[in-house]
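Structure first, then comments.
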Amino acid sequence: MAILIDKNTRIFVQGITGREASMIVSHTLAYGTKIYAGITPGKGGQQVQGIPVYDTVKEAVEKHNVNASLVVVPPAFTLDAVLEAIKNGIKLIVVTTENIPQHDVIKLLYIARKENVIIIGPNTVGMINPKDRIKMGSIGGDRPDRCFVPGNVGVISRSGGMTAETSWMVKRAGFGVTTSVGIGGDSFIGSTIKDLLALYEKDEETEAVVTFSEPGTSFEEDAAQFLKEGGFTKPLISFVAGKFTENLPEGTVFGHAGAMISGNTGRPSLKVKALQEAGAHVVERYDDMIGLLKSVLGEKVGEAK
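Heads up, the sequence shown is in our numbering, so the first residue is 1270 and it goes up one at a time.
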């Protein structure tokens, strides 16, 4: 098993005729993931790498029974694209677009929650399930197998690049992943660490979860509280990057839009403290993750094949 995506996921791409989307589609197809349709208003009837293009989501749903959208459209059009997908019954939407106006993000997230729609992102590389060889987004690039191998460890990362790096650490430790998810680097996102831990808790194949965190937001503190309340009972191994940012002027953005300290909110030291007090295994150095994975998981988790 895995979370969010599996063999029953029928993907379509909104904005498929764009240059970035075309590259993502090429890598996705090469990995073995099937894409059933693409959407670009005004370009219906075309094909992109053999994938039929439609003017509307409604057409794609009716003709291909698609159930998961990958949104690769410019910031100004993202809200409309997401709302169109929601209107047509899509319950899983991965939003790769960054620099979306915050008012638009707040609106789309509000409507998504109201309609029980899962949003990954915005500003995400997406997610991957290597057992079923299905991925949504640019995650893994053109060679996902370098970092992502099947196993029993879930990966959550606020950084896109570190989603792959952390999954590679899991591989180096002798394990593999069920699902690796890049949740996005913005302050407002659809699915937080806490949200995904709740899903991993229910997944029978996921025996442990590894997280990569950054300064900013209260995602880690919320996850720690979730652990304290018993919402997640499996081993959680965490690394919090950017400790040096606590010595920078308040409000300095560290890489992503959401990686900013304001008062005591977002301080790496407080994230570490909260996670440790909740029972998570927090590594001081990123490389320590390999040894900790081996010692914490031992024979509990099946090794990658």
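We treat Cβ as the ideally placed atom computed from N, Cα and C, and that holds for glycine.
Cβ pair residue i, residue j closer than 8 Å
i, j, result
"residue 1543", "residue 1489", "yes"
"residue 1505", "residue 1541", "no"
"residue 1439", "residue 1420", "yes"
"residue 1447", "residue 1486", "no"
"residue 1285", "residue 1406", "no"
"residue 1453", "residue 1368", "no"
"residue 1363", "residue 1347", "no"
"residue 1389", "residue 1395", "yes"
"residue 1497", "residue 1433", "no"
"residue 1538", "residue 1512", "yes"
Sequence-distant residues of its chain with Cβ nearer than 6 Å to residue i (five each side left out)
i, result
"residue 1320", "1304 and 1307"
"residue 1563", "1442"
"residue 1555", "1508"
"residue 1545", "1551"
"residue 1302", "1403 and 1404"
"residue 1493", "1543, 1544 and 1547"
Run of the beta strand (DSSP E) containing residue i, from where it starts to where it stops
i, result
"residue 1477", "1477–1482"
"residue 1337", "1337–1340"
"residue 1306", "1304–1308"
"residue 1423", "1419–1426"
"residue 1560", "Segment 1557–1566 is the alpha helix (DSSP H) holding residue 1560; no beta strand (DSSP E) there."
"residue 1460", "Counting along the chain, residue 1460 falls outside any beta strand (DSSP E), and DSSP gives it neither H nor E."
"residue 1446", "1446–1451"
Between the CA atoms of residue j and residue i - distance to the nearest angstrom
i, j, result
"residue 1411", "residue 1299", "8 Å"
"residue 1445", "residue 1428", "19 Å"
"residue 1565", "residue 1344", "42 Å"
"residue 1469", "residue 1272", "7 Å"
"residue 1295", "residue 1381", "29 Å"
"residue 1404", "residue 1374", "23 Å"
"residue 1316", "residue 1283", "13 Å"
"residue 1274", "residue 1397", "8 Å"
"residue 1535", "residue 1357", "37 Å"
Close Cβ partners of residue i (< 8 Å) along its chain, the five nearest in sequence each way excluded
i, result
"residue 1281", "1304, 1305, 1306, 1307, 1308, 1326, 1329, 1333, 1335, 1337, 1338 and 1339"
"residue 1385", "1360"
Boundaries (first-last residue) of the alpha helix (DSSP H) holding residue i
i, result
"residue 1280", "Counting along the chain, residue 1280 falls outside any alpha helix (DSSP H), though it belongs to the beta strand (DSSP E) covering 1280–1283."
"residue 1348", "1344–1356"
"residue 1507", "Residue 1507 -> not in any alpha helix (DSSP H); beta strand (DSSP E) instead, spanning 1505–1509."
"residue 1323", "Run containing residue 1323: none in the alpha helix (DSSP H); it sits in the beta strand (DSSP E), 1320–1323."
"residue 1293", "1288–1300"
Own chain partners of residue i with C-beta closer than 7 Å, once the 5 adjacent residues on each side are dropped
i, result
"residue 1416", "1409, 1433, 1436, 1437 and 1440"
"residue 1495", "1463, 1466 and 1501"
Those runs of the alpha helix (DSSP H) which lie wholly inside the region 1379–1444 and span at least 4 residues:
1429–1441
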